[in-house]
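Protein chains: 2
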Amino acid sequence: MQGVMRLNHATLKEMYWSFLCCGNYNPCFCHHCCREIGMMFTSVVVVVLIPAGYSNGFRGQVASAGLLDLLDEGVPGVGTYEDFNTIDWVREKSKDRDRHREINRQKKQSDLALLLSLIDAFSGWLLMLLIGLLSGALAGGIDIAAHWLTDLKEGFCMKGFWFTHEHCCWKSNETTFQRRNKCPQWKSWAELMVGVPEGASAYVVNYLMYVSWALIFSYLAVILVRAFAPYACGSGIPEIKTILSGFIIRGYLGKWTLLIKTITLVLAVSSGLSLGKEGPLVHVACCCGNILCHLFTKYRKNEAKRREVLSAASAVGVSVAFGAPIGGVLFSLEEVSYYFPLKTLWRSFFAALVAAFTLRSINPFGNSRLVLFYVEFHTPWHFLELFPFVLLGIFGGLWGALFIRANIAWCRRRKTTRLGHYPVLEVVVVALATAVLAFPNEYTRMSSSELISELFNDCSLLDSSKLCDYISPGKGGERAANFSMTTNGLADRAAGPGVYTALWQLVLALVFKMFITVVTFGMKVPSGLFIPSMAVGAIAGRLLGIGMEQLAYYHHEWPMFKGWCSLGAKCITPGLYAMLGAAACLGGVTRMTVSLVVIMFELTGGLEYIVPLMAATMTSKWVADALGREGIYEAHIRLNGYPFLEPKEEFEQKTLAMDVMRPRRNDPPLSVLTQDGMTVEEVEGMISDTSYSGFPVVVSHQSQRLVGFVLRRDLVISIDNARCCQDGIVGASRVLFTEHTPSHPYQGGPPPLSLRPILDLSPLAITDHTPMEITVDIFRKLGLRQCLVTQNGCLLGIITKKDILKHMAQMANRDPDSILFN
Amino acid sequence: MQGVMRLNHATLKEMYWSFLCCGNYNPCFCHHCCREIGMMFTSVVVVVLIPAGYSNGFRGQVASAGLLDLLDEGVPGVGTYEDFNTIDWVREKSKDRDRHREINRQKKQSDLALLLSLIDAFSGWLLMLLIGLLSGALAGGIDIAAHWLTDLKEGFCMKGFWFTHEHCCWKSNETTFQRRNKCPQWKSWAELMVGVPEGASAYVVNYLMYVSWALIFSYLAVILVRAFAPYACGSGIPEIKTILSGFIIRGYLGKWTLLIKTITLVLAVSSGLSLGKEGPLVHVACCCGNILCHLFTKYRKNEAKRREVLSAASAVGVSVAFGAPIGGVLFSLEEVSYYFPLKTLWRSFFAALVAAFTLRSINPFGNSRLVLFYVEFHTPWHFLELFPFVLLGIFGGLWGALFIRANIAWCRRRKTTRLGHYPVLEVVVVALATAVLAFPNEYTRMSSSELISELFNDCSLLDSSKLCDYISPGKGGERAANFSMTTNGLADRAAGPGVYTALWQLVLALVFKMFITVVTFGMKVPSGLFIPSMAVGAIAGRLLGIGMEQLAYYHHEWPMFKGWCSLGAKCITPGLYAMLGAAACLGGVTRMTVSLVVIMFELTGGLEYIVPLMAATMTSKWVADALGREGIYEAHIRLNGYPFLEPKEEFEQKTLAMDVMRPRRNDPPLSVLTQDGMTVEEVEGMISDTSYSGFPVVVSHQSQRLVGFVLRRDLVISIDNARCCQDGIVGASRVLFTEHTPSHPYQGGPPPLSLRPILDLSPLAITDHTPMEITVDIFRKLGLRQCLVTQNGCLLGIITKKDILKHMAQMANRDPDSILFN
């Protein structure tokens, strides 16, 4: 009862502290507290800061035995994790349940506690709201800034340098609808510098300025990343997948990463490099989620709960990247998350919606759409068109598989050769090459989003784009009427010279994008893959679409076109082909399925195209899977050696637990502690001799019967703590893990040290005959770090997550030493 | 190698058989084969029918020991389950992996095997296609038939009795748009019988005919259910949830159930009872899934794989019920499924789409929509309207919670009192009451779907419904212009007398529906809850909506309406309120969240209303949860005592595994087998003395060290089989579970019986100190049936799923004996 009242008090203080200490609170800051000044103060702080559920986690396990001992308060640091380690899901969830139970118990006792419990219950929703608002706002800011900087490469607004091209000409009176991007206020660099808008010298000036800005932006981006936040590079999705599976990478989702990633993402996108902002936006949203978690004790102190929030945050990222809240939630569920309870599903959905609405109210594109390439198709498609759609799927699958191979080969080269030593130079060189090659071609000069938007677009009568340069009398009378006018001005389209030029430029752009993306993804700048993949697919799709359209136009008497493609009827929509191509390529690279279809469905806003979309993405996935099982994110996870147990991969081997466990046949026996037979010195010796992150505790060396499991980190901290703070603990003190400490002190000997509170009494143990497929399943589903192996009740060995990953690598004939961390 | 070649052969035959024997193949039909004539033949059939992966399942587990013994071929029946038992997910998945491995191995050896492996790989997709087609077709048929029968209650088409009212008048030349349901070809019963269309006698005749038809339909429905398929009653969702969690109810998804449920669903819906077809459609789709599974060995033989298919089928059911494929998949994920791997997500989505397109091509409502109450709103909503929306949420939550309590109390009364003995009478009485009370009120006389459709509908200028009887000069000049005409003919609406009449009728309909639904749900006819719940909510919402509208009209000078509700502006959409009310009530009853929002979003086809929807459903869920944690399905599962381990419910208690395991403190010790110390007679004695479904095997009674676990059913079948078919096995034969059978026969004694192949060498064991919350988690995530409890390596007890459910019931102060099955 005494404990109850104090805890009540402590909870209050904790809530207060949680608002003061957020961000820089470090639970490990007083490991060796004894030597520090102000020990009194810190110990008070520690008592306050240790969450109620925390020390209870351990107490809970021994509560039924009625034990309350010296370590009851919890030693600071016990139960936390080191960097590059895997969390113990079972323990974290247990901690959270203890906390929840404590709050439930207290709320029956006082009104204040009831209020606090209500606040606690709604903190999850509040957190989601905050994440949605912040991520939406950041995404809007990134969109606007990137738009502005991209336009800056081409010219300058005389009304104010902060206007984008479109903005600049919007309010201009001289702007006509037909030429809405031409206005006197907007000056190209050539106009500003040499005073002429066109001609060779103007071209050269514009070219040089374009390249210079690209170099400046990319240089700034890579320098900022290198100097302030090395974790800000790449798309971040492989790392987030790994973190969500339980790995700890300190600082990966920190405030510096957020700040630098936001800034450098704008720079990288504006530099014209072949990269997108969609993947990095997921990283940005996850950083927001992680940082905002610090506001709430419930999430700050619990690694498992925090991962639930991060799952929701990754849904938010996709929601703002594509304006697709449902697609975002499914993306998080399908692609990123590891542990996704239903509660999280509902909250993710809420957060994704909040973010989408925040972004919509910012309205970065001025058209109340969340993405540049939103389209609303309503033209029907014909059953026979499924054949070209499947062709697009095959192209997407092939390109996806080849891209992954090429990119991984290039990244491996970067890791292993001297290329990796010059990241800044690499970025600048690639940016230079990209800018130099991109400028001459209209379709590569524009940003990838604009390109996709133009390719998705179905030509209307007023379109001034080259892609819509059809020979048709309907088009404002600009061309001579070669063909009879039909009732529908949109039908009856023969390609004009503009379309033929565009075709060649698109082919060149396709080749260029395909190659440059391979070397771009993985550089030390924020870089997403969605947009480049979609661009490649959209170009291929549009090319095929125009081809089909012209085929149908010139050969509408062919049996396959008969009936639905008669002269004068509109039958082929090249924009739809571009969209399907984009979906197919994205599917080939990422191997997304449902989420991809739903994202595209939310982008196009109609159920009509679900069948073509399914056909294209399914083909793409099958083709790509036939050439290599891994998507780009899994491939990068493996390349980087993260300890990620792929939940989708089926374990095909017939091995048993005893083939995987350590020690192997000829190894020295397993290092175990006995429950009452060792001294502090012996234990310390074992800790320094080995590097294992935990030790099983057995009844005795002879019987090898399992009692429990103790973590190295907990052991080290507890012994250090006892040595400095507990009277009489010396090297010769006996270490006890038993339930009852002997009532009388040992004759003549020093008092024993009871470490029962840090002993995990419920380690999971499997038998040596358990098939590995079941073992892998258990590891995946329960989120284990290690599992003990017994034979007829006797401890035989141990299997860690790393052992499993190594074994799986061996079985797949890969290098088992590529798995770096625990 | 010998085994390999034969298996290759067997696989081929198996594929052949699978097409011949589907439907009536029963793996248990030759248990006691020896006594039957034609034993040679049956044994051949058995060898062929036992799937490749099946016998390999066991072989796989002992393969590393290099054992191949007498039982290698598998004894027929070993590894199957009895009715009302829970499957072992781990074992089933293991079996499937073995099968997959075998196919993978074979496909490298011959081209034919490669082809077969490809067929095998695509069989899942083919199955989904078939389920989608069949379910879509059935749903279309049900819609059309129910529509026709419902209209038959009111009248008769002279052109042909098979025409519905709408169809009958469609092609009539005398039909005007305004009165499209009036045409000479359609005769009401009064016109046919007494020859006058209106007046007191006509009313009485119509009333009597309406009641008579209702009685006939409901009587037919309940008689058919009772006589042919008792499982066809109810909504089926609680049972499907239980089945998906691993329970076996033979015949629940069989062909009789499918046939009878389809027919009686049409009858029950047409009878005018307060029930819907949405829940039963899920059951129908699951029946289709289960029956079609018999076409493919992969799914026929594996209970776990079949449950994946059933998860997809339940998505199909919702997809056709609401025309919401994405919502259906999320419903399956959120509400129904237990084990939902990502592969299933993708396939469910495919199947749901196929079904939706099949239904669309059948076009049961003649408007190319999949549901009667599809709406396309485009009117905006105001921020202040969130207040009434939240009020609707509160209403929905309150009604949901109260409905669940009342319905469960009523169903319990039915179970425990004599009421339950007269199911036919009950249905007829309720149908009579419903029909008698429903006829006088226009809004209860029409079917619930039509009612919802009318309530959702936003009044347009041409609407002839009473609900749209606004005083406005825009309305075809039918009324005198009391108010100034505005530019927008829809705005500026004061309610006319029709609306006031409608209001009273709606209030009466609301009270009627609220009461009658409580007694209707749970009767012995197919009955869904979605439509009645939505109807209640839609009525309440429409009432509130009209109230708000009139308030805004008469008090548009109030500060809260200022700015957005000025005179002449359209500001309140009563149809939107009806929709939100429907969502709130449905949410309160079922506690669906994301899937509900997505279904409503697919019904209305616009992201604009997601915020109001979220507000209403979230409030509803919170309010309902505060009054009672369980949704209607969980409540019915508990009422029926199904062994369902709710994955959403948090286990809050602090108990340990040792508090739950059997034997309890004063019980006799655990019944165990020893690995080599018992005779066949002793084992048989233990089997007949106890009723446990499995026995742990230990090294010896003294040491109690765990070796493995053996299932009662496997043991009985193996011993029976050995006694009749294996030479020299008598009661005194020793039963061996050890790895090596002694090379020389026992001196003088009979030969031993090795039962190692049926021994599960990898039973999961936890320690006695494992907290129950972790144990429950392990049970849920791994889908266990039982788990052994050890202490310091010695076997202490066993925990079954039933023990956990009983313990949870005890902790929640419920009757622990309500859990009926294992």
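Line order of the protein sequences matches chains A and C.
When we follow full-length UniProt numbering, the leftmost residue of the first sequence carries the number 1, and every step to the right adds one.
When we follow full-length UniProt numbering, the leftmost residue of the second sequence carries the number 1, and every step to the right adds one.
Where is the CB? At the ideal position from N, CA and C, for every residue including glycine.
- Here G396/C is near C585/C, since their CB atoms are less than 8 Å apart.
- With respect to chain A, the C-beta atom of S762/C has a partner C-beta closer than 8 Å.
- In this structure, G160/A keeps its C-beta atom at 8 Å or more from the C-beta atom of W189/A.
- Residue pairing from DSSP places W186/C in a beta bridge opposite C157/C.
- Interface criterion not met: the Cβ of W162/C is under 8 Å from no Cβ in chain A.
- Short of 6 Å from the beta carbon of A616/C, and not among the five residues preceding or following it, lie these beta carbons of its own chain, in chain order: F389, L392, G393, L580, A583 and A584.
- In chain order, A765 make up the part of chain A whose C-beta sits under 7 Å from the C-beta of A765/C.
- T767/C sits close to T790/C, with the two beta carbons spaced by under 8 Å.
- Within a 10 Å sphere around the beta-carbon of L116/A sit 16 or more other beta-carbons, which makes this residue buried.
- Residue contact check for W346/A against chain C: a CB pair falls below 8 Å.
- By the Cβ neighbour-count rule, I774/A is buried, with 16 or more other Cβ atoms within 10 Å of its own.
- Take S271/C, set aside five residues on each side of it, and the residues of its chain with a beta-carbon closer than 6 Å to its own are A214, F217, S218 and A431, in chain order.
- Here R591/A carries a coil assignment [DSSP, helix/strand/coil].
- Using a Cβ-Cβ cut-off of 9 Å, C794/A is close to R705 and G793 of chain C, given in chain order.
- Considering only T434/C, E646/C and R542/C, the residue with the shortest C-alpha distance to A502/C is R542/C.
- Rounded to whole angstroms, the separation of the alpha carbons of A315/A and L353/A is 10 Å.
- Proximity of V90/C to chain A, defined by a Cβ-Cβ separation below 8 Å, is satisfied.
- Under the 8 Å criterion on CB atoms, E646/A is classed as non-interfacial with respect to chain C.
- Taking the Cα positions, Y203/C is about 57 Å away from E385/A.
- When rounded, the separation of the alpha-carbon atoms in I758/C and W162/C is 59 Å.
- Per DSSP, reduced to three states, the secondary structure at C233/C is coil, with no helix or strand assignment.
- With 16 or more other Cβ atoms inside 10 Å of its own Cβ, S718/A counts as buried.
- Taking C-beta separations shorter than 8 Å and ignoring five residues to either side along the sequence, the partners of H165/C in its chain run D151, E154, G155, C157, N181 and W186, following chain order.
- Residue-level contact by beta carbon holds for E652/A and chain C, with a gap shorter than 8 Å.
- Remark: C-beta atoms of P771/A and L656/A approach each other more closely than 8 Å.
- Closer than 8 Å to the CB of K153/A there is not a single CB belonging to chain C.
- In this structure, Y339/A sits away from W125/A, with a CB-CB distance that is not shorter than 8 Å.
- Only N104 and W125 from the stretch 104-134 of chain A bring a Cβ to less than 9 Å from some Cβ of chain C.
- Residue range L386 to T416 is occupied by the alpha helix (DSSP H) that includes A406/C.
- Taking a 10 Å sphere around the C-beta of Y299/C, we find 16 or more other C-beta atoms and assign the residue as buried.
- Residues of chain A whose Cβ lies closer than 7 Å to the Cβ of T593/C are, in chain order, W346.
- Counting of Cβ neighbours within 10 angstroms places R97/C among the buried residues, the total reaching 16 or more.
- Between I131/C and A304/C a beta carbon distance of about 18 Å is seen, past the 8 Å cut, so the two are scored as non-contacting.
- For E334/C, the closest Cβ of chain A is nearer than 8 Å.
- A contact between stretches requires three or more CB pairs, one per stretch, nearer than 8 Å, and the stretch 518-525 of chain C fails this requirement with the stretch 548-556 of chain C.
- Around the beta carbon of S700/C, a 10 Å sphere encloses fewer than 16 other beta carbons of the protein chains shown; the residue is thus reported as exposed.
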